[in-house]
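Residue numbers (this note's numbering), protein chains in the order written: chain A, 2 to 284; chain B, 4 to 574. Using N, Cα and C, we set each Cβ at its ideal position, and we do this for glycine too. Here is the structure we will look at.
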């Protein structure tokens, strides 16, 4: 049995009280509860405070460029579908710099779990507005206030994301449940995580979120209803829903690739003589 | 010596390309050496395009400009190319459709559309009729035409109709053309050569090398590589992804390679610009990748369908920071195949990016080549540890500091060891660091790989006179034209040779210096405006060229162009 200690990592460089700690605990917990050994996990992370998470736990780690988390993560999954691939980034990383990759990974439905640490602000570059900053959010680079934010969950639903969820870093237990469900989901699982930034975001604080978040109860909320999901995805203000907002399984990218019918690409032999029959086409 | 140059000219959409390809195949099947190139505009319909096919009983290494037979599908083709005709050259055109042509004894009207409708009931077959007509001029073997047509269009109705069309065109010329046409093309027996484009050779090379993953965004002139590979998935175990952009493409192949398979992307200059940061990621994380950069005329969108060799220095310096890489520039379709195989081996051996730089001319030209001997393909995956080796090792460090700079590589999950790497500077374990000592150790480790890589770079090709008065210096696709130019000049009694690089980076400093130390005059031959190889030569060896033969109008360099410019250089 896998234990929490198996996922112990190096010392963290996050600020004390950072929302990232709650996410780190939830990730470890989900993997332990699913009994997944670290060597089976590939964590691909971007740049930003979120991108450091893999270094504070264990697994195979590919820490890539800012905004480019999804392309390598999805490709690694194609090459070896037996890897448990978790992509990790922030709101600037995933919804700003990497926004195009986000839209298209959803569409292709790779079997990857994508955690977005959404603190609505840039931390690593010290406090500028992010794509999800609330409208009017004043920073050094947006003295006139931020424009209207992107609604990542609504974008994901519009794009037929097969698993669209939101968690809260202040509720690790609930978040761990979402991450578990995301990993178990066959297809692209987006988990947008509300993450207080104790240093640069003095608006969206732990207290601010705690007053607003509520859990969607699957007994009276149907996550397969796209219209209802759209409404929930844009509910932001006095009440903010967390939980699985939309779920609609469909064929994954990997399932549609004929080359994978013979097993993971990484285990397929290299044999130059296979090309002989193709050479004949050119004569 | 038998040498005949065909040209098919017309609008995009008139079947110029397919007719040119069939013609090339027909000639190759008859045992001729074929070299064919395409010139087309960046549009789907209309405009002017042409396809040149040169058939020779000796090796045909480049285009050759004078046209012996022009198949003109429209009036513009006559107007534009009449001046390129040889004295005995014949222009085949449809006099029913194209009126008002200037009087010329080279014009020979064949009612192409009428014959197409009568023979095949389909006026789309005018290009097939024209092929029959052109080959009848050279009294080519009719059976070969039918065989190739049936292979190309299938043995069904379409194939049969096309055979009828090509036969009718052939017979019309035999019955009506009364003048003497100077060229006869008798089949030479050996029809066993391959006919393929540079891009097809790269695609085959990738498959032979065991490439299992490709991600690429369509961009002329690189697209046909992904198109060829995309439907080979089931038989050859390769996945081809067309992602949202070139940034995704290069980052995808990094992920795929990290997960353990040989991975490829292909693009042109504009797409390569978007890959710049990703290339550095491969360098920093020591992930093997192969990037095909099929150059076209830049900057920006430039001349999208036309050729240029202006990205060499860009390829050598792409991305910020300093890291090892190899840059290979195939000269021919054979080179395109073998250097692709080599690119994958070097990438894995040195765990770093390898750029295969071609251009529109090589990418979309067709040439005959002896069938590739697959028994000569070697696969060198470098220091890739097995599960057993990793188990014995105990602690695994992805970026272990070694004398060669090469750290043993492991594949996530497959080897059991945890594989950790970072785009930030990192320690041996792959975790991010900031201290000066570790940074320096890792930089030196990565850069040491250049020393091994340098030893694996082939020496320049040298050809021609032993005591040359003039030395032509070039790289990549201009080799064929340079070589033919050398032969032509030597025939005139002038001592000339060529020094040509197909493997450019790390620069073969000693070999290039040795090959050039006796040179009296070095003349750079490059399809660009600033002589980038000459610049590199000066930076790396101190040698300076004495003259330059350059071309940057989007069109390839031909042997005749080199001769013409050479006369000005040496007068």
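Local Cβ density within 10 Å of residue i, reported as buried at 16 or more and exposed below that
{"i": "residue 215 (chain B)", "result": "buried"}
{"i": "residue 67 (chain A)", "result": "buried"}
{"i": "residue 470 (chain B)", "result": "exposed"}
{"i": "residue 142 (chain A)", "result": "exposed"}
{"i": "residue 10 (chain B)", "result": "buried"}
{"i": "residue 203 (chain A)", "result": "exposed"}
{"i": "residue 182 (chain B)", "result": "exposed"}
{"i": "residue 232 (chain A)", "result": "exposed"}
{"i": "residue 443 (chain B)", "result": "exposed"}
{"i": "residue 389 (chain B)", "result": "exposed"}
{"i": "residue 287 (chain A)", "result": "Given that chain A is displayed from residue 2 to residue 284, the structure contains no residue 287 (chain A) and the question cannot be resolved."}
{"i": "residue 556 (chain B)", "result": "exposed"}
DSSP beta-bridge partners of residue i
{"i": "residue 551 (chain B)", "result": "B:527"}
{"i": "residue 270 (chain B)", "result": "B:296"}
{"i": "residue 215 (chain A)", "result": "A:242"}
{"i": "residue 55 (chain B)", "result": "B:10 and B:40"}
{"i": "residue 360 (chain B)", "result": "B:296"}
{"i": "residue 424 (chain B)", "result": "A:63"}
{"i": "residue 478 (chain B)", "result": "B:504"}
{"i": "residue 279 (chain B)", "result": "Note: residue 279 (chain B) sits in no beta bridge, so no partner."}
Listed by chain order, chain A residues near residue i by CB distance under 7 angstroms
{"i": "residue 246 (chain B)", "result": "72 and 105"}
{"i": "residue 434 (chain B)", "result": "11 and 56"}
{"i": "residue 181 (chain B)", "result": "Under the 7 angstroms cutoff, chain A gives no residues; its nearest Cβ is about 37 angstroms from residue 181 (chain B)."}
{"i": "residue 263 (chain B)", "result": "80, 81 and 267"}
{"i": "residue 213 (chain B)", "result": "271"}
{"i": "residue 380 (chain B)", "result": "273"}
{"i": "residue 275 (chain B)", "result": "Within 7 angstroms Cβ-Cβ: nothing; residue 275 (chain B) doesn't reach chain A, min ~16 angstroms."}
{"i": "residue 241 (chain B)", "result": "260"}
Cβ shell of residue i (< 6 angstroms), same chain only, five flanking positions each side left out
{"i": "residue 289 (chain B)", "result": "354"}
{"i": "residue 38 (chain A)", "result": "3"}
{"i": "residue 197 (chain A)", "result": "20, 206 and 207"}
{"i": "residue 366 (chain B)", "result": "201, 202, 224 and 297"}
{"i": "residue 370 (chain B)", "result": "38 and 336"}
{"i": "residue 18 (chain B)", "result": "130"}
{"i": "residue 245 (chain A)", "result": "166 and 224"}
{"i": "residue 516 (chain B)", "result": "544"}
{"i": "residue 74 (chain B)", "result": "11, 95, 133 and 137"}
Residues of its chain near residue i, where Cβ-Cβ distance is below 8 angstroms and the 5 sequence neighbours each way are ignored
{"i": "residue 107 (chain B)", "result": "85 and 94"}
{"i": "residue 324 (chain B)", "result": "283, 286 and 287"}
Same chain, Cβ closer than 7 angstroms to residue i, neighbours up to 5 away in sequence not counted
{"i": "residue 423 (chain B)", "result": "401, 432, 433 and 434"}
{"i": "residue 468 (chain B)", "result": "493, 498, 499 and 500"}
{"i": "residue 386 (chain B)", "result": "409, 411 and 412"}
{"i": "residue 264 (chain A)", "result": "none"}
{"i": "residue 345 (chain B)", "result": "331"}
{"i": "residue 87 (chain B)", "result": "68, 69 and 70"}
Partner residues on chain B for residue i, Cβ-Cβ distance less than 8 angstroms
{"i": "residue 83 (chain A)", "result": "416"}
{"i": "residue 116 (chain A)", "result": "Simply none; closest approach about 17 angstroms."}
{"i": "residue 59 (chain A)", "result": "421"}
{"i": "residue 45 (chain A)", "result": "258"}
Under 7 angstroms from the C-beta of residue i: neighbouring residues of chain B
{"i": "residue 274 (chain A)", "result": "377"}
{"i": "residue 101 (chain A)", "result": "247 and 248"}
{"i": "residue 41 (chain A)", "result": "416"}
8 angstroms Cβ cut-off: residues of chain A touching residue i
{"i": "residue 237 (chain B)", "result": "259, 260 and 262"}
{"i": "residue 426 (chain B)", "result": "48, 64, 65 and 66"}
{"i": "residue 531 (chain B)", "result": "The contacting residues do not exist; residue 531 (chain B) stays about 30 angstroms from chain A at best."}
Interface residues of chain A facing residue i [CB-CB closer than 9 angstroms]
{"i": "residue 198 (chain B)", "result": "283 and 284"}
Flag this pair as touching only if the region 240 to 248 of chain B and the region 185 to 203 of chain B have three or more C-beta atom pairs under 8 angstroms; answer yes or no.
no
Per the contact definition of three or more C-beta pairs closer than 8 angstroms, is the region 366 to 376 of chain B in contact with the region 206 to 226 of chain B?
yes
Is the number of C-beta pairs between the region 32 to 39 of chain B and the region 53 to 65 of chain B that are closer than 8 angstroms three or more?
yes
Contact between the region 218 to 228 of chain A and the region 119 to 139 of chain A is defined here as three or more beta-carbon pairs at a separation below 8 angstroms; is this criterion met?
no
Answer yes if the region 293 to 302 of chain B comes into contact with the region 11 to 31 of chain B, meaning at least three C-beta pairs across the two stretches below 8 angstroms, and no otherwise.
no
Pairs of beta-carbons, one from the region 512 to 522 of chain B and one from the region 478 to 488 of chain B, closer than 8 angstroms: are there three or more?
no
If you pair each beta-carbon of the region 141 to 152 of chain B with each one of the region 160 to 171 of chain B, do three or more pairs fall below 8 angstroms?
yes
Evaluate contact between the region 178 to 189 of chain B and the region 262 to 279 of chain B, counting only Cβ atoms and requiring at least three cross-stretch pairs below 8 angstroms.
no
Using 8 angstroms as the threshold, is the region 148 to 159 of chain A in touch with the region 67 to 77 of chain A, meaning 3 or more CB pairs across them?
no
Hey, is the region 536 to 543 of chain B in contact with the region 276 to 290 of chain B, meaning 3+ C-beta pairs nearer than 8 angstroms?
no
Any chance the region 94 to 107 of chain A sits against the region 180 to 188 of chain A, with 3 or more Cβ pairs inside 8 angstroms?
no
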